[in-house]
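My numbering applies: residue 209 is where the sequence shown begins, and numbers increase by one.
Note that beta-carbon positions come from the ideal geometry of N, C-alpha and C, so glycine has one too.
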Amino acid sequence: MTGRHRPGSDVDLLVESDPGRMPALLDMADMEQELGRKLGGLRVGFRTPGDLSRYFRDDALRDAAARYESR
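In structure tokens, the structure reads:
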């Protein structure tokens, strides 16, 4: 969190997966909607490292912290 959130802000989460294990696009959209409902109706977006803008990718990856890791 950057502390720059405002009413109407969305939540973008960085997700990584083992090669070949990333959920299908429609499954990701379903998960985004379900998580958004659980977070009180917030808009949620999942992003992979490749989705990040080159202008802030390095900062985002440096500041990223794992919140869930499968084993």
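According to DSSP, residues forming a beta bridge with residue i
i           : result
residue 253 : 220
Cut-off 8 Å between Cβ atoms - residues of its own chain near residue i, not counting five sequence neighbours on either side
i           : result
residue 224 : 256 and 257
residue 239 : 231 and 254
residue 272 : 222
Same chain, Cβ closer than 7 Å to residue i, five either side skipped, listed in chain order
i           : result
residue 269 : 257
residue 241 : none
Top-ranked residue by Cα proximity to residue i, from the options
i           : options               : result
residue 278 : 230, 234 and 212      : 230
residue 292 : 259, 264, 260 and 250 : The chain is shown only over 209 to 279; residue 292 falls outside these bounds and no answer can be derived.
- Message: So, does the region 251-259 touch the region 219-239, judging by three or more C-beta pairs under 8 Å?
- Response: Contact between the region 251-259 and the region 219-239 is present, because at least three Cβ pairs lie under 8 Å.
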